[in-house]
Amino acid sequence: MHIATDPWVWIAAILTLAIFSFLYRENPFYRIAEHLYVGIANGYAITFYWHRILVPSLFDPVARSPHFITKVWLIALAIIGALYFTRFIPKISWLVRIPIAILLGYGCGASIPRAVEAELLRQLQATIITRAHFAHWDTAAWAIIILIGVITTVSYFFFSAERKGALKPISYVGIVFIMVGFGASFGYTVMARISLFIGRLQFLLGDWLGLIR
Amino acid sequence: MTPQADSARVSFWTRLQAIDRRWIYLVLAAVVIVPLLFPFKIKPKATTPVQKLFNYIDTMPREKALVISIDYTPDTRAELQPMVVALLRHAFATRRPVGVLAMAVYGLGLGEEALSQVAAEFNAHATNHEDSIINGEDYVFWGWTTPPLTVMLGMGERITNVFPVDYYGARTESLPIMRDLRNYDDMGILVTVAASAMPRSWIVYAQVQFGVHLSCGITAVSAADFYPYVNSGQFTGMLAGMKGAAEYEELVTAKMNKEGLDWGLRNRGTEAMSSQTAAHLAIMAFIIIGNIGFFATRRRK
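As given, the protein sequences belong to chains A and B, one line each in that order. With the working numbering as the guide, the letters of the first sequence map in order to residues 2 to 214. With the working numbering as the guide, the letters of the second sequence map in order to residues 868 to 1168.
See below:
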């Protein structure tokens, strides 16, 4: 057993235990750790935004650029960006729509064509069964299962027609696929939460108390 | 069975249904702690997506870089940090150039920690300059900038324009590694290690436009969401959760041992697998007992 002598390890360990204490019940130690986390996280982010974004991309170029037009552009864009803060002044809060509109326009223009390609066309392509799938029995089986899963699941979300006749059993199979999907997601979620718990215990038992390597 | 015995049985199940959740926490804590203190041997066998990523990195051209995007924050460190460490060991063991960037500002420290750790592991056994892993020559840590859309599109043109200085403040244009690492064309693969939807953004902006090879390491929570992209070939393999990390660690350890780099390095993902297995068994038992209790009490009502 080799207990850590590094004060930062002790601080991290005590804060971890303070957060875990919530499992017993709400208490002041948990509250302190929670507020400390929010404060430090915000302070860290603001510092980085200042030093890594505002200083090199705005303040320095405005101060040092030999081109007048560059300075004007940067200052104009900074003013537009600063309009986000008008939300806090009710009389002129409508001005916040300007940067939001610019960002939405830019974001949609850049995203929509690429998203259609990446999310729709490529995914549709992946459901097509080709001769190559039949090279091995398992790839063929998975390709057929995926095709059936996609068709039946989509049919479950087909709301333009009443679910009767052929659509009824097909959409029922779709429900089975959806439930299997939920089950897989739940299983993975359990695995994830346990992993995070193990990670903290590795720190407490190993890095802090030295009980494990 | 007598009515009294039946009543006692039902009252047991009723009591079990109303058990204080803190007892369950306690049992789970014990189930996780005991195997950490007294681990039993588990050797994770690589699943197809993990093997696929390993094979791709292992066989890609020597001059092509492995780029890792740190798209997670410290809260998911337990699952994702072992992946980054294993990927870096693989790249350094096979002498491939490495570039690391962070899309999450809180991930900067994690990226720096992983790079320092793995570089130190290799440098501790280096006997000359050729064996050493040197910042700016063998790897570069570009750091963080925002917004992600601009970064992803900009890196397709010129990385040094997006990251004029690296994490340590050096001009990226002056770094030797950047002479052959100009944009996506010089990358063998970009692995996004993420606890968010960022891998999807990499596909939409970097892959559709520039055709870069992508893979991802993700938290187990989001694994089910990303399997379709593995199936469609948009991701070359995938590491899902701590188990994915453990599988990759095993492959890298076997590779390093084969290359004569048997240094007995610590594999945090693999070490956690006995606790993970015990916890899963306990949760399965809870689910089965809970369901029996539910049906027993419902039948009584």
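Where is the CB? At the ideal position from N, CA and C, for every residue including glycine. These numbers come from a predicted model, not from an experiment.
task = Could you check which residue in B:A969, B:D1033, B:T1103, B:K1110 has the C-alpha nearest to that of R194 of chain A?
result = Sequence index remark: in the first sequence, residue 194 of chain A carries index 193 (1-based). When each option's Cα is compared against that of R194 of chain A, the closest is B:K1110.
task = Look at the alpha carbon of V1071 of chain B and the alpha carbon of M970 of chain B, and state the distance between them as a whole number of angstroms.
result = Here the question's residue 1071 of chain B lines up with position 204 in the second sequence. Here the question's residue 970 of chain B lines up with position 103 in the second sequence. So the alpha carbons of these two residues sit roughly 15 Å apart.
key: Of the residues B:E1138, B:A1145, B:I1156, the one placed nearest P949 of chain B, counting alpha carbons only   = Taking the first residue of the second sequence as position 1, residue 949 of chain B is located at position 82. Nearest C-alpha to P949 of chain B: B:E1138.
request  = Mind listing the chain B neighbours of M192 of chain A? Cutoff is C-beta to C-beta under 8 Å, in chain order.
outcome  = Here residue 192 of chain A refers to the residue found at position 191 when the first sequence is read from its first residue. Near M192 of chain A (Cβ distances below 8 Å), the residues of chain B are A1087, G1108, M1109, K1110, Q1143, H1147.
query = Taking the alpha-carbon positions, what's the I1001 of chain B to F959 of chain B distance?
reply = In the second sequence, counting from the first residue as 1, residue 1001 of chain B sits at position 134. In the second sequence, counting from the first residue as 1, residue 959 of chain B sits at position 92. Cα to Cα, the separation comes out at about 10 Å.
key: Cβ-Cβ distance between K931 of chain B and G1036 of chain B below 8 Å   = By 1-based counting over the second sequence, the position of residue 931 of chain B is 64. By 1-based counting over the second sequence, the position of residue 1036 of chain B is 169. In this structure, G1036 of chain B does not lie closer than 8 Å to K931 of chain B by Cβ.
request  = Report the neighbours of L1016 of chain B on chain A: residues whose CB is nearer than 9 Å to its CB, in chain order.
outcome  = In the second sequence, residue 1016 of chain B corresponds to position 149, counting from 1. In chain order: Y107, G108, A111, S112.
task = Report the residues of the region 997 to 1021 of chain B with a CB closer than 8 Å to any CB of chain A, ordered along the chain.
result = G1010, W1011, T1012, T1013, L1016, L1020
query = Would you say A167 of chain A reaches chain B, if we count a Cβ-Cβ gap shorter than 8 Å as a contact?
reply = By one-based count along the first sequence, residue 167 of chain A stands at place 166. For A167 of chain A, the answer is no, since every Cβ of chain B falls outside 8 Å of its Cβ.
request  = Tell me, please, whether the CB atom of V899 of chain B is closer than 8 Å to any CB atom in chain A?
outcome  = As a working mapping, residue 899 of chain B is identified with position 32 in the second sequence. Yes - at least one Cβ of chain A is within 8 Å of the one on V899 of chain B.
Pair within 8 Å by beta-carbon distance, L1132 of chain B and E979 of chain B = One-based indexing of the second sequence puts residue 1132 of chain B at position 265. One-based indexing of the second sequence puts residue 979 of chain B at position 112. For L1132 of chain B and E979 of chain B, no; Cβs fall outside 8 Å.
request  = Just confirm the distance between the C-beta atoms of V985 of chain B and R962 of chain B, as a whole number of angstroms; I'd bet it's less than 8 Å.
outcome  = Taking the first residue of the second sequence as position 1, residue 985 of chain B is located at position 118. Taking the first residue of the second sequence as position 1, residue 962 of chain B is located at position 95. Not confirmed; about 13 Å, so no contact.
request  = Keeping to the same chain, check which residues put their C-beta closer than 6 Å to that of T881 of chain B; ignore five residues upstream and five downstream.
outcome  = Here residue 881 of chain B corresponds to residue number 14 of the second sequence, with the count starting at 1. Result list for T881 of chain B: T1164, in chain order.
ask   = Can you tell me where the beta strand (DSSP E) with G1010 of chain B in it begins and where it stops?
value = Locating residue 1010 of chain B in the second sequence gives position 143, where the first residue counts as 1. G1010 of chain B -> beta strand (DSSP E) spans 1006 to 1011.
task = Compare the C-beta of E118 of chain A with all C-beta atoms of chain B and state if any pair is closer than 8 Å.
result = Stepping through the first sequence from its first residue, residue 118 of chain A is reached at position 117. So, interface residue.
query = If you draw a straight line from the C-alpha of A46 of chain A to the C-alpha of A1062 of chain B, how long is it?
reply = For the purposes of this step, residue 46 of chain A is identified with residue 45 of the first sequence, where counting begins at 1. For the purposes of this step, residue 1062 of chain B is identified with residue 195 of the second sequence, where counting begins at 1. Whole-angstrom Cα-Cα distance: 18 Å.
request  = Quick one: grab the DSSP three-state call for I909 of chain B.
outcome  = Locating residue 909 of chain B in the second sequence gives position 42, where the first residue counts as 1. In this structure, I909 of chain B counts as coil in the three-state DSSP scheme.
query = In chain A, which residues lie with their C-beta within 8 Å of the C-beta of I1095 of chain B?
reply = Indexing the second sequence from 1 puts residue 1095 of chain B at position 228. Note that residue 1095 of chain B is Pro in the sequence shown, not Ile. By Cβ distance, chain A contributes Q124, A127.
request  = Would you kindly work out how many angstroms separate the C-alpha atoms of P916 of chain B and Y1115 of chain B, rounded to a whole number?
outcome  = Reading the second sequence from its first residue, position 49 is the one you call residue 916 of chain B. Reading the second sequence from its first residue, position 248 is the one you call residue 1115 of chain B. Approximately 10 Å, taken between the alpha carbons.
ask   = In chain order, what residues of the same chain have a beta carbon less than 6 Å from the beta carbon of E1117 of chain B, not counting five sequence neighbours either side?
value = What you label residue 1117 of chain B is simply residue 250 of the second sequence in a count that begins at 1. Within the same chain, E1117 of chain B has close Cβ partners P911.
Cβ neighbours of V97 of chain A in the same chain (closer than 8 Å, five flanking residues each side left out) = Here residue 97 of chain A is taken as the residue at index 96 of the first sequence, counted from 1. Excluding sequence neighbours, V97 of chain A sits near L84, Y85, T87, R88.
message = On a Cα-Cα basis, can you pick out the residue from B:A1073, B:D925, B:T1027 that is closest to L1057 of chain B?
response = Residue numbering aside, residue 1057 of chain B sits at position 190 when the second sequence is read from its first letter. L1057 of chain B has its Cα closest to that of B:A1073, out of B:A1073, B:D925, B:T1027.
query = Going along the region 967 to 981 of chain B in order, which residues come within less than 8 Å of chain A, judged by CB to CB distance?
reply = V972, Y973, L975
query = Listed from N- to C-terminal order along the chain, which residues in the region 931 to 949 of chain B have their beta-carbon within a distance smaller than 8 Å of any beta-carbon of chain A?
reply = D942, T943, R944, A945, E946
query = Just how far apart, CA to CA, sit W143 of chain A and T153 of chain A?
reply = In the first sequence, counting from the first residue as 1, residue 143 of chain A sits at position 142. In the first sequence, counting from the first residue as 1, residue 153 of chain A sits at position 152. The alpha-carbon atoms of W143 of chain A and T153 of chain A are separated by roughly 15 Å.
inquiry  = Distance cutoff 8 Å, beta carbons only. Does S196 of chain A sit that close to anything in chain B?
reply    = Position 195 of the first sequence holds residue 196 of chain A. Closer than 8 Å to some Cβ of chain B, the Cβ of S196 of chain A qualifies, so yes.
key: Own chain, CB closer than 7 Å to P941 of chain B, minus 5 neighbours either side, in chain order   = Reading the second sequence from its first residue, position 74 is the one you call residue 941 of chain B. Taken in chain order, the residues that qualify are Y973, L977.
Anticipated Cβ contact below 8 Å, F198 of chain A with V899 of chain B, distance rounded = In the first sequence, residue 198 of chain A corresponds to position 197, counting from 1. In the second sequence, residue 899 of chain B corresponds to position 32, counting from 1. Right, the Cβ-Cβ distance comes to about 6 Å (below 8 Å), so this counts as a contact.
request  = Helix, strand or coil for G1055 of chain B, going by three-state DSSP, please let me know.
outcome  = Along the second sequence, one-based indexing puts residue 1055 of chain B at 188. Looking at G1055 of chain B - three-state DSSP - the assignment turns out to be strand.
request  = Answer with yes or no whether the minimum CB distance from R53 of chain A to chain B is below 8 Å.
outcome  = One-based indexing of the first sequence puts residue 53 of chain A at position 52. Cβ-Cβ to chain B under 8 Å: yes for R53 of chain A.
One or two residues paired with A932 of chain B in a DSSP bridge = Residue numbering aside, residue 932 of chain B sits at position 65 when the second sequence is read from its first letter. Note: A932 of chain B sits in a beta bridge opposite B:M1054.
request  = Please go through the same chain and pick out, in chain order, the residues whose beta-carbon is closer than 6 Å to the beta-carbon of V151 of chain A, but skip the five residues on each side of it.
outcome  = Taking the first sequence and counting its residues from 1, one reaches residue 151 of chain A at position 150. If we look at V151 of chain A and ignore the five residues flanking it on each side, its Cβ neighbours are T128.
request  = Please name the residue in B:G1078, B:V1032, B:D1052, B:L1042 whose C-alpha comes closest to that of G1003 of chain B.
outcome  = Start at 1 with the first residue of the second sequence, and residue 1003 of chain B comes out as number 136. Selected option, being the one with the closest Cα: B:L1042.
ask   = Hey, W209 of chain A and V10 of chain A are a contact pair by Cβ (cut 8 Å); roughly how many whole angstroms apart?
value = Working through the first sequence from its first residue, we reach residue 209 of chain A at position 208. Working through the first sequence from its first residue, we reach residue 10 of chain A at position 9. Indeed, because the Cβ distance is near 6 Å, the residues count as touching under 8 Å.
inquiry  = Here's the rule I'm using: 16 or more other beta-carbon atoms within 10 Å means buried, otherwise exposed. How should S161 of chain A be labelled?
reply    = The residue given as residue 161 of chain A occupies position 160 in the first sequence. S161 of chain A comes out exposed.
ask   = Where does A1090 of chain B fall in DSSP's three states?
value = Locating residue 1090 of chain B in the second sequence gives position 223, counting from the first residue. Note: A1090 of chain B maps to helix in three-state DSSP.
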